[in-house]
Structures are given as C-alpha cells and as structure tokens.
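Down below is the structure, laid out as structure tokens.
Protein chains: 2
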Amino acid sequence: MNIGEAAAASGVSAKMIRYYEATGLIPAATRTGSGYRVYTGTEVQMLRFIRRARDLGFPVDKIVTLLALWRDRSRHSSDVKRLAQDQIDGLERKIKEMQAMVDTLQHLADACCGDHRPDCPILTDLGHGATGAPSRG
Amino acid sequence: MNIGEAAAASGVSAKMIRYYEATGLIPAATRTGSGYRVYTGTEVQMLRFIRRARDLGFPVDKIVTLLALWRDRSRHSSDVKRLAQDQIDGLERKIKEMQAMVDTLQHLADACCGDHRPDCPILTDLGHGATGAPSRG
DNA sequence: ATAAGGCTTCCCATGATGGCAAGGTCAAGA
DNA sequence: TCTTGACCTTGCCATCATGGGAAGCCTTAT
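Those protein sequence lines, which keep their order, are chains A and B.
Quick note: to get this note's numbering, add 126 to the position in the first sequence (first position is 1).
Quick note: to get this note's numbering, add 126 to the position in the second sequence (first position is 1).
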C-alpha cells in the first residue's frame, strides 16, 4: 500500500511517516520503480505502535527503545516496566509543576475582583516578581 | 547596568533579554557609544514581570498583553482576570490530558509483573492486540 | 600592554508537527 | 490517447522558547 493508505490505517500522518524514516525510527520503506514508498501490514502495525506510544506521551527517543523491546522476544518485562514508570514519573512531575501554576493563578484570580477598576492583585504580583510572596502576604 | 547584571537582577538570561528585544516584547535598550546595552531599574522590573509570567506558564504573546495592561493605568481588572482564567483553563486541560496518560500507563504498569520474563501487557497494548512481536510468523 | 572576561551579532539546534511549492506518477474517464 | 485530479516526491520554512558556539570588539584589572 502507498503512504497515504498506511497513514490512514495507522493514524500517523504521511508527513510523520517520512519523518520517522528520515530520523531512523523506522527502517526505510521499499520503493516502487517510480519512487513511491510501499508499506505492508507489518509496517502499519509498527506505525500503530508508535502512534499509541506517542499518545501516551513517550518521546521518540524512548520509542526507539520500546520498539527494540517489542521486537526482542527475549526481553525482560522489567525493562519495559521501568520505561513506563519513568514516563509516569516524568508526566507526574510536569503535572505537579503545572498544578502549582494553576494554584497560584487561581489564588490571584480569586483575589481580583475583575471589574472596571484598574486595581488588580494579579498584576501587582507579576510586578513584584520574585520579591513578593503571592500566597502568604 | 550591562546586560549581564540585568540578567542576574531579573532572573532572565542575557540571551533571552536580547531575544525579547528582537521580537518586540520589550523596547530596544539604549546603548553605550560602543554598542553595549544599558539597563535601568525600570527595565529590570519589566524583565522580572516577564520572568514571573513565564514561570506561571504564560506564553510570550500573552505576556505582550499583560505588559500592556500593566502599563495601562486605566485598565479594567476584568481584562487581566480573563487572561489569568484562560491560562488556568489551558493548564488544566493539559493537566487532564497528561493525567489520562498517567492513568493508562499506571494501569498497564500495574498489570506488568516486571520480571525476567518477556510477557508484558504494556507492549501488548502498544502493539494494539498484537502478540508482542511485529512479525507473527 | 596584556590577559581575562563581558559584550556584540549571526548561525544552528532542539522536538514533533504542519504547511506550502514545484514537479513526477497513476488511475479513471472522455 | 489525452486530460484531469488525486496522490506521491523532495525540500524549505515555521512553530516556541531556549541554549550553544564562533568570530570579533570592548572593558577592566593587573
């Protein structure tokens, strides 16, 4: 099948399929005489694997390892589990950072009456920068 | 003061100060005869404002608006509050997406015994119903 | 005077993705 | 057979905020 069909079947855009090939994440597809890339079910399955892993937030360089483990029938599931746990830990760290931002912003927004007047604790906090403590003032 | 001192005083790197100037977020600094940028307390305050807003996750194009409101003495605090609320909403949306990833990954990791054996529900899920290896025959 | 270090501009890279453009290919219909 | 439109190819540019590095000038301290 052509790249467009492979894209539709895998959920990975044709653009990204070419990108994954160029960066070595997937092997170079075979070509027709006129240069069209040709894909089989095996390759579509690999693309779906990649798509799913991306949906779970794995960066491409981690997917390289995941794909290698996927192909390795003598793998240890502990290696896969560790990668997954690392990914969980990274996501949770980012979530905590963003939640801290939300908490600060919500605190400031709650203190802002949000009317026609210019007085605004949000801007006051931003203006004081690191010199001010937003929640314990 | 020079850009290095302004960077240390504001928490914004010299590289980023030049970038903010080039992109119009901040006005061009005055220069010495030899071309060095010169900063005053006012500009450092503005940089601290930017730094604080970046720490709260505001993208630079939103900071343009925040800075304009900061300078506008006839602003309406409702405008500031709306920006903050938009930022909160955007952050919470991303948090929810990432939390969903975490939940899925945790579910899979919990189901993976993580030992020396190759059987792994994580890879099975990524393979989208595959047997755990790309080529089944 | 010289050395060290700060400043300047310019270019490149990130990470994953989309868009656009110019040109080749293929399949179907007139 | 010719045309048309959809699809494919490569290549370049853009994102978004940030860092790195090079080549060269300026300042300061010794």
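Ideal Cβ positions, reconstructed from N, Cα and C, are used throughout, including at glycine.
Remember, predicted model here, so these are calculated numbers, not experimental data.
Which residues DSSP lists as bridging residue i, in chain order
i, result
"arginine 163 of chain B", "B:Arg157"
Three-state secondary structure (DSSP) of residue i
i, result
"methionine 172 of chain B", "helix"
"threonine 319 of chain B", "No statement about residue 319 of chain B is possible, as the shown extent of chain B runs from 127 to 263 and does not include it."
"threonine 149 of chain A", "coil"
"glycine 130 of chain B", "helix"
"glycine 253 of chain B", "coil"
"serine 203 of chain A", "helix"
"cysteine 246 of chain A", "coil"
"leucine 209 of chain A", "helix"
"glycine 183 of chain A", "coil"
"arginine 198 of chain A", "The question names arginine, yet the displayed sequence has aspartate at residue 198 of chain A. If DSSP states are grouped into helix, strand and coil, aspartate 198 of chain A belongs with coil."
"aspartate 241 of chain B", "coil"
"serine 139 of chain B", "coil"
Reference residue i; option with closest CA among the options
i, options, result
"aspartate 236 of chain A", "B:Val228, B:Arg144 and B:Arg208", "B:Arg208"
"methionine 127 of chain A", "A:Gly150, A:Tyr146, A:Lys220 and A:Thr156", "A:Thr156"
"tyrosine 162 of chain B", "B:Thr191, B:Arg178, B:Thr168 and B:Arg144", "B:Arg144"
"valine 186 of chain B", "B:Met224, B:Glu147, B:Arg197 and B:Thr168", "B:Glu147"
"aspartate 181 of chain A", "B:Phe184, B:Glu131 and B:Gln225", "B:Gln225"
"isoleucine 152 of chain B", "B:Arg197, B:Glu131, B:His202 and B:Pro247", "B:Arg197"
"aspartate 241 of chain B", "A:Gly130, A:Ala140, A:Ser203 and A:Lys141", "A:Ser203"
"alanine 210 of chain B", "A:Arg174, A:Cys239, A:Ser160 and A:His254", "A:Cys239"
"glycine 167 of chain A", "A:Ile129, A:Thr191 and A:Gly183", "A:Ile129"
"threonine 191 of chain A", "A:Gly150, A:Ile221, A:Glu223 and A:Pro247", "A:Gly150"
Contact check, residue i vs residue j, beta carbons under 8 Å
i, j, result
"aspartate 205 of chain B", "leucine 193 of chain B", "no"
"isoleucine 176 of chain A", "valine 138 of chain A", "yes"
"leucine 231 of chain B", "isoleucine 214 of chain A", "yes"
"arginine 219 of chain B", "proline 244 of chain A", "no"
"methionine 227 of chain B", "leucine 217 of chain A", "yes"
"leucine 173 of chain A", "alanine 132 of chain A", "yes"
"valine 170 of chain B", "serine 136 of chain B", "yes"
Beta-carbon separation (whole angstroms), residue i vs residue j, contact threshold 8 Å
i, j, result
"histidine 254 of chain B", "arginine 178 of chain A", "6 Å"
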